[in-house]
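Chemist: Handing you this structure, nothing more for now.
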Amino acid sequence: MAGIGILGFGSYVPSRVMTNDDWAELLDTDDEWITSRSGIKERRFADDSESTLDLAAAAAEQAISDAGLTADDLDEIIVATDTPEVYTPDTAAHLQHRLGAGEVTAFDLGGSGCAGFVLALDIAKTRVQATPKKVLVVGVELISRLMDWTDRSTAVLFGDGAGAVVIGEGDLVKAELLSFDAGTDGQYSDILGLETGGTRRPFSLEEAQKDGHHEIAMNGREVFRQAVRRMAASSEIVLERAGRRKDEVALVIPHQANLRIIDAVRHKLGLDEDLVYVNVDRYGNTGSATVPLAMSEAHHEGRIKPGDLVVLTAFGAGFHWSSAVLQF
Ligand SMILES: CC(C)(COP(=O)(O)OP(=O)(O)OC[C@H]1O[C@@H](n2cnc3c(N)ncnc32)[C@H](O)[C@@H]1OP(=O)(O)O)[C@@H](O)C(=O)NCCC(=O)NCCS
């Protein structure tokens, strides 16, 4: 296959399973509420000994090996995450060292929430277009350690995980990146986010005492509305940019935040249920990791076959959205 695209896929989820019943032991919630509102049955939480870097490295190593490469072959590393290893420097610097890669360009794409990975794919493609190279792109999130475990309206939605791909060009490409769309509507920056720690609301003893650094601000209903509207419209736009029709699509891999959001997007696009990949029931919302994790799973399970046209679409805090069309 010619063109620029994915050479290898990888993913990692921690082994610790947290079910809805486990949450019901800690919070005033139950399996029925969580399942009916979100479609989530269980999620994975990192062990105390694991950090963002461990999750990222495990997914990256699988993607590099799946591409038939070694870390030495990488020319660039991009990590999409809002739950970095440390505040600064970025997770990409830690990952470069952990993988034993060369002294390559490496940077994080942070702050775009769950839309980060698909945006990073777009950036990786243009980097390869400018100079032929191999770019590792990782989406990773360890949300369980930073969220508020006492807030039932957000805590039950999230999970930890990582996904990774290697982008390059030539005969070994497994999925060509055909088109992209990404956008931002900053007037909705307050419907989803974590404010404490920035200059507007610096981290302080007072913030720590009221647990401000764990406080995810979320207007669930507005996030829901924006997510459906933006993912559906953006999916149409990328298909048009690729010069392809909806009836040619073999699989849509949407951001896995909530089954009801996924179903609403599917209805808007007029697609059958079997054309949309869902694993939110098993992993919850793993932020920027959901799309690469789902894509890697779908690929390794044989759910995606050579010749398939696949649409990725995501949304996240910002409000940001991003979509891509891939030809396997
Ligand atoms: C969060 C979300 C699941 C809530 O669903 P919803 O249908 O809007 O919820 P409802 O308004 O019907 O219910 C809210 C009620 O449930 C309660 N509730 C919230 N979390 C609960 C939980 N885990 N268990 C039981 N009850 C809960 C609330 O306190 C509220 O009670 P009240 O009406 O007495 O105040 C939904 O809005 C959503 O998925 N939004 C998108 C969120 C998202 O995807 N965020 C991440 C984006 S990357």
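Going by the working numbering, the sequence shown opens with residue 988, and the numbers climb by one from there. Think of the CB as a built atom: it goes at the ideal place given N, C-alpha and C, for glycine as much as any other residue.
#1: Quick one: using the 10 Å Cβ neighbour count with 16 as the cut-off for buried, is residue 1253 buried or exposed?
#2: Is any heavy atom of ligand 1 found at a distance shorter than 7 Å from the C-beta of residue 1144?
#3: Check the DSSP bridge columns for residue 1238 and list the partner residues they point to.
#4: Are residue 1064 and residue 1088 close, meaning C-beta to C-beta below 8 Å?
#5: Excluding five sequence neighbours on each side, which residues of the same chain lie with their C-beta closer than 7 Å to the C-beta of residue 1295?
#6: For residue 1011, collect the residues of the same chain with a Cβ closer than 8 Å to its Cβ; drop the 5 residues on either side in sequence, then sort them by chain order.
#7: So what does DSSP say about residue 954, is it helix, strand or coil?
#8: When burial is assigned at 16 or more other CB atoms within 10 Å of the CB, is residue 1175 buried or exposed?
#9: List the endpoints of the continuous alpha helix (DSSP H) containing residue 1192.
#10: Which residues in the same chain have their Cβ closer than 7 Å to the Cβ of residue 1057, if we skip the five residues on either side of it in sequence?
#11: Within 10 Å of its beta-carbon, does residue 1112 have 16 or more other beta-carbons around it, so buried, or fewer, so exposed?
#12: Report the three-state DSSP secondary structure of residue 1199 (helix, strand or coil).
#13: Looking only at its own chain, which residues have a Cβ that is under 8 Å from the Cβ of residue 1038, when we skip the five neighbours before and after it?
#14: Taking three-plus beta-carbon pairs below 8 Å as touching, is the segment 1172-1192 in contact with the segment 1226-1233?
Modeler: Based on what the coordinates show:
#1: Under this definition residue 1253 is a buried residue.
#2: Within the cutoff, so yes.
#3: Residue pairing by DSSP places residue 1238 opposite 1297 in a beta bridge.
#4: Yes.
#5: By the criterion of a C-beta distance shorter than 7 Å, residue 1295 is surrounded in its chain by 1237, 1238, 1315, once the five residues flanking it on both sides are discounted.
#6: Excluding positions up to five away in sequence, the list reads 1017, 1018.
#7: What the structure shows of the chain is the stretch from 988 to 1315, and residue 954 is not part of that stretch, so it cannot be assessed.
#8: Its Cβ being crowded by 16 or more others within 10 Å, residue 1175 is buried.
#9: Note, residue 1192: alpha helix (DSSP H), 1192-1196.
#10: Excluding residues within five positions, the ones whose Cβ falls inside 7 Å are 1051.
#11: Result: buried.
#12: Helix.
#13: Within the same chain, residue 1038 has close Cβ partners 1072, 1129.
#14: Touching, no.
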